[in-house]
Amino acid sequence: MIMHGRAIAPGTAEGEALVLDEPFSFLGGADGATGDLHVRTGNLAGKVFVFPKGKGSTVGSFVMYDLKVHGKAPAAVVNQTAETIVTTGAVIASIPMADQVDVSLIREGDRVIVDGKRGYVELPDVQVLDSASSVILTAGKVLMLCRPPAARSFPGVWSLVSGRVERGETPEETARREIKEETGLTVGFPDAVLPPVLVREGNTVWRVWPFLFRAEQAKPVLNRENTAFQWVAPAEVSERPTVAKVPDIIKLFIGQ
Amino acid sequence: MYLTKDEQAVLDGEKGPGAQKAMELVTALGKIYGADGLVPITSAHLSGASYKTIGDGGLKYLEDLAAGGAKVTVPSTLNPVGMDRTRWREMHINEHFAEKQLRIIGLYGQMGVQETCSCTPYLGANVPKCGDHVAWAESSALSFVNSYIGARTNREGGPGALAAAILGKTANYGLHLDRNRRPTVVIDASEMEDSVFDYSLLGQAVGMAVGGGVPYFTGIRPGVDEAKALSAAMAAAGSVALWHAEGCTPEAAKYDVSGLEHVPIGPAERQKAKEKLNTADEPQLIAIGCPHLSPKEMNDIAVLLKGKEKKRKDIEIWFCTSAAVRAQCPDAVKEMERFGPVLADTCMVVAPIEGMFQRTATNSAKAGNYLPTLCSQKVVFGETADLLKVVE
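For the protein sequence lines, the chains are Y and R, in the order given. Its first residue numbered -14, the first sequence is counted upward by one per residue in this note's numbering. Its first residue numbered 17, the second sequence is counted upward by one per residue in this note's numbering.
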């Protein structure tokens, strides 16, 4: 998978991802001479260091330079949002850096290639697959399906009407086909569509194409792909275990 | 972000690796803040000068930069460093620290930076004109020149300001643009006393009340010393980099502030601000001069001390100013030195006092904010005259 972000500091580097999900201060957060992290176990040397954004003292830029001098600098930095301190440190220490990529898609240990001049972040071992995911709305409630415990992806949790886009299909065709197969319902044109949402599962990133269909008096008939269905009020969706980003998609469509 | 052919050539390394690095930094910072291009600057003021704050990483960075032949191309001054460069022994500074600190000053000098080492360069060494675009670090100084002079700068960091000084240009965004210099809130100051200390309290109260933005004051007419204290306090208690005062600062008349939120700051708010910074009773060090003392403040202190004796030998007193002001006020210096050294180039915040004292008294709201975090001090916060009574 290649993510197109924003170029911050030039240079290309490859390394294993070290991922933090909190904003990070180099001053106090890492030892400039050894590369050891203070916020958890781990060492920055040679890693692609992935975190949401920098924080803390401006001296952090010099800690990054110190890491470089001691040969303990990260190979590259990837941020969700670059700010002054980390940007300054990356440039003066010649550490390739990109931002404006979805860092939640990168997992600890991933092989990552960063092109800081173009702003590309590549995960060569991660494949991208397309799927369509449909919100079927009847009388203000959303149709949720429960996946079987033995399903290959996302077993035992609640999802929308979803399926993989087959060769030669458009995502909308997939959506209509899956609705027919999984619920027996026939739907017309989608009432709304959204840009794709990315969901990480193992070494796959699902590019999920969301659709909204309104259906009157819909009575679903399930096939074997799901074990149960429920009509759920949008506000109550997150009360049950769901496939990642399902509550977000419903919120984007319906606004709750 | 638009770069001219010449600027692109610098970025591509055609003017050498030093200029290329500087261009990489200025354009990267410009990019993250949405700059449309670069703007020429007339001066720079650089922070990141104390060995205490930048450490060995910063020292090595400066060594590599200077060795690569980097030179500033616009008049540039330097912030206070960790010690008085000649009288550091009086500050209990050890040889190791002094040696590293002197190297840092020397490296800036080698790159063409004036070795003034002061946070008030606008009092003499480096004075922008109204409308000038500049690249200044040091939150109190940049707020002063933005607000009281009408020059234009963002809150630059040390390396960013140095890169801009090398290029003679900085990224055009934020406070370089008219639209971001408009007031965002009106501060109605009432019952102000005619004292620098009350302006320090006002700044602290505003920082606590509004945090950032561009405050527009009614009810004040600060002089240079009052504007200096106000700028410093608001930048430390909040993140204010520009303010206007009705009928006083050069840009204030340009703006219609009707419809903006009003925040009243009276004696009660200022008293609360004072109490917030007070965390100790009995100081071991009294440090006056954050920002650096002006000639007028030096003379006021000299008048205050005339005819008095320092009875408490156990309490140290430091007065902090620039070398230029110290040289300008020999009589005041003589009077003050009976109580404690008049130090140049440094201050209580960037000097490594954390190993020497635990409780420091100051009249500065800015120092009151930073002494606990940067120097592990408890703070006695009060007016200079009251603080100095302790030793009479």
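For glycine and all other residues, C-beta sits at the position ideal for the given N, C-alpha and C. In this text, all values refer to a predicted model and were calculated from it rather than measured experimentally.
Closer than 9 Å, CB to CB, is R/K37 near chain Y or not?
-> What you label residue 37 of chain R is simply residue 21 of the second sequence in a count that begins at 1. With 9 Å as the cut-off, R/K37 counts as an interface residue toward chain Y.
Tell me which same chain residues have a C-beta within less than 6 Å of the C-beta of R/G227, skipping the five on either side of it?
-> For this step, residue 227 of chain R is matched to residue 211 along the second sequence. Closer than 6 Å at the Cβ level, and outside the excluded window around R/G227, lie G254.
From what residue to what residue does the beta strand (DSSP E) around Y/H(-11) run?
-> For the purposes of this step, residue -11 of chain Y is taken as the residue at position 4 of the first sequence. It spans -13 to -11 - the beta strand (DSSP E) in which Y/H(-11) sits, taken as one unbroken run.
From the DSSP output, which residues share a beta bridge with Y/V190?
-> Within the first sequence, numbered from 1, the residue matching residue 190 of chain Y stands at position 205. Partner(s): Y/V113, Y/R185.
Over what stretch of residues does the alpha helix (DSSP H) that includes Y/V71 continue unbroken?
-> On the first sequence, residue 71 of chain Y is found 86 positions in, with the first residue counted as 1. Where Y/V71 is concerned, the enclosing alpha helix (DSSP H) stretches over 69 to 77.
Thinking C-beta only, is Y/V63 closer than 9 Å to R/A44?
-> Walking along the second sequence from the start, residue 44 of chain R turns up at place 28. Walking along the first sequence from the start, residue 63 of chain Y turns up at place 78. No, Cβ-Cβ distance for R/A44 and Y/V63 is not below 9 Å.
Hey, does R/P368 have any beta-carbon neighbour from chain Y nearer than 9 Å?
-> Along the second sequence, read from residue 1 onward, the residue named residue 368 of chain R stands at position 352. No - not a single Cβ of chain Y is within 9 Å of the one on R/P368.
Interface positions of the region 29 to 59 of chain R facing chain Y (Cβ-Cβ less than 8 Å), listed along the chain = For the region 29 to 59 of chain R, the set of positions with a beta-carbon nearer than 8 Å to some beta-carbon of chain Y reads K37, E40, L41, A44, L45, K47, I48 in chain order.
If we ignore side chains and look at the alpha-carbon of each, how far apart do Y/Q202 and Y/G27 end up?
-> Mapped onto the first sequence, residue 202 of chain Y falls at position 217. Mapped onto the first sequence, residue 27 of chain Y falls at position 42. Approximately 56 Å, taken between the alpha carbons.
Considering R/T43, what are the terminal residues of the alpha helix (DSSP H) in which it resides?
-> As a position in the second sequence, residue 43 of chain R is number 27, starting the count at 1. Its alpha helix (DSSP H) spans residues 33 to 48.
Within 9 Å, strictly: CB atoms of Y/S116 and Y/T159 = In the first sequence, residue 116 of chain Y corresponds to position 131, counting from 1. In the first sequence, residue 159 of chain Y corresponds to position 174, counting from 1. In contact: Y/S116 and Y/T159 (Cβ atoms closer than 9 Å).
Listed by chain order, chain Y residues near R/P144 by CB distance under 7 Å | On the second sequence, position 128 is the one that residue 144 of chain R refers to. At a C-beta separation below 7 Å, R/P144 has no neighbours in chain Y, since its nearest C-beta there lies roughly 22 Å away.
Among R/R171, R/C146, R/D148, which has the Cα closest to the Cα of R/L158?
-> Position 142 of the second sequence, counting from 1, holds the residue named residue 158 of chain R. Ranked by how close their Cα comes to the Cα of R/L158, the residues R/R171, R/C146, R/D148 have R/R171 in first place.
Mapping DSSP to helix, strand and coil, what is R/D214?
-> In the second sequence, residue 214 of chain R corresponds to position 198, counting from 1. Correct three-state label for R/D214: helix.
Among residues of its own chain, excluding the 5 on either side of R/G47, which ones have a beta-carbon nearer than 7 Å to its beta-carbon?
-> For this step, residue 47 of chain R is matched to residue 31 along the second sequence. A small correction: the amino acid at residue 47 of chain R is Lys; Gly does not occupy that position in the sequence shown. For R/K47, where only same-chain residues beyond five positions count, the Cβ hits under 7 Å are M17.
Tell me whether Y/F198 is buried or exposed, calling it buried when 16 or more other Cβ atoms sit within 10 Å of its Cβ.
-> Sequence index remark: in the first sequence, residue 198 of chain Y carries index 213 (1-based). Y/F198 should be labelled buried.
Counting pairs of beta carbons, one from the region 264 to 282 of chain R and one from the region 373 to 381 of chain R, are three or more of them closer than 8 Å?
-> no
Who are the near neighbours of Y/L252 in its chain, counting only those whose CB is closer than 6 Å to its CB and skipping five residues on each side?
-> Residue numbering for chain Y in the displayed model covers -14 to 241; residue 252 of chain Y lies beyond these limits and cannot be assessed.
Compute the distance between the beta-carbons of R/A35 and R/L183, then report whether it is under 9 Å.
-> Your numbering for residue 35 of chain R matches position 19 in the second sequence. Your numbering for residue 183 of chain R matches position 167 in the second sequence. Taking 9 Å as the Cβ cut-off, R/A35 and R/L183 qualify as a contacting pair.
Contiguous beta strand (DSSP E) assignments of at least 3 residues, all confined to the region 225 to 263 of chain R | With a minimum length of 3 residues, the continuous beta strand (DSSP E) runs that stay inside the region 225 to 263 of chain R are 231 to 234.
Per-residue burial, Y/H(-11) [other beta carbons within 10 Å of its own, 16 or more giving buried] = Position 4 of the first sequence, counted from the first residue, corresponds to residue -11 of chain Y. Per the 10 Å Cβ criterion, exposed.
Looking at C-alpha atoms only, which residue of R/S134, R/S63, R/C133, R/G84 is the closest neighbour of R/W152?
-> Translated into the one-based positions of the second sequence, residue 152 of chain R becomes position 136. Of the listed residues, the one whose Cα sits closest to R/W152 is R/S63.
Where R/V365 falls, given that 16 or more other Cβ within 10 Å makes a residue buried | On the second sequence, position 349 is the one that residue 365 of chain R refers to. Its Cβ being crowded by 16 or more others within 10 Å, R/V365 is buried.
Rounded Cβ spacing between Y/A61 and Y/A(-8) (contact assumed at less than 8 Å) = What you label residue 61 of chain Y is simply residue 76 of the first sequence in a count that begins at 1. What you label residue -8 of chain Y is simply residue 7 of the first sequence in a count that begins at 1. Contact flag wrong, Cβ pair sits at about 12 Å.
From R/S211, R/I236, R/A180, pick the residue whose C-alpha is nearest to that of R/V202; which is it?
-> Sequence index remark: in the second sequence, residue 202 of chain R carries index 186 (1-based). Taking only the C-alpha atoms, the option nearest R/V202 is R/I236.
Can you list, in chain order, the residues of the region 105 to 130 of chain Y whose Cβ is nearer than 8 Å to any Cβ on chain R?
-> none
Neighbour list for Y/T269 in chain R, Cβ cutoff strictly below 8 Å = The requested residue 269 of chain Y does not occur in the structure, where chain Y is confined to residues -14 to 241.
Mind pulling the chain R residues with CB within less than 9 Å of Y/F47?
-> Looking up residue 47 of chain Y in the first sequence gives position 62. Near Y/F47 (Cβ distances below 9 Å), the residues of chain R are G64, T69, I70, G71, D72, G73, G74, L75, K76, Y77, G174, P175.
Partner residues on chain R for Y/D16, Cβ-Cβ distance less than 7 Å = Here residue 16 of chain Y refers to the residue found at position 31 when the first sequence is read from its first residue. Correct list: empty, because the minimum Cβ distance to chain R is about 11 Å.
According to DSSP, which residues form a beta bridge with Y/N28?
-> Here the question's residue 28 of chain Y lines up with position 43 in the first sequence. Answer is Y/D21, bridged to Y/N28.
If you compare alpha carbons, which of Y/W143, Y/P181, Y/T73, Y/N188 is closest to Y/S223?
-> The count along the first sequence starts at 1 and reaches residue 223 of chain Y at position 238. Comparing Cα-Cα distances from Y/S223 to each of Y/W143, Y/P181, Y/T73, Y/N188, the minimum goes to Y/W143.
Given 8 Å, three or more beta-carbon pairs between the region 298 to 311 of chain R and the region 333 to 353 of chain R = yes
Who pairs with R/C336 in a beta bridge, going by DSSP?
-> As a first step, residue 336 of chain R is located in the second sequence; it is residue number 320 there, counting from the start. DSSP links R/C336 through a beta bridge to R/L359.
Per DSSP, what kind of secondary structure is R/H149 in: helix, strand or coil?
-> Taking the second sequence and counting its residues from 1, the one referred to as residue 149 of chain R is at position 133. In the three-state DSSP reduction, R/H149 falls in the strand class (E or B).
With DSSP as the reference, please indicate the residues paired to Y/T123 in a beta bridge.
-> Counted from its first residue, the first sequence places residue 123 of chain Y at position 138. Y/K126, per the DSSP bridge assignment.
CB of Y/G41 within 9 Å of CB of Y/S10, strictly | By 1-based counting over the first sequence, the position of residue 41 of chain Y is 56. By 1-based counting over the first sequence, the position of residue 10 of chain Y is 25. Their beta carbons are under 9 Å apart, which means Y/G41 touches Y/S10 by this criterion.
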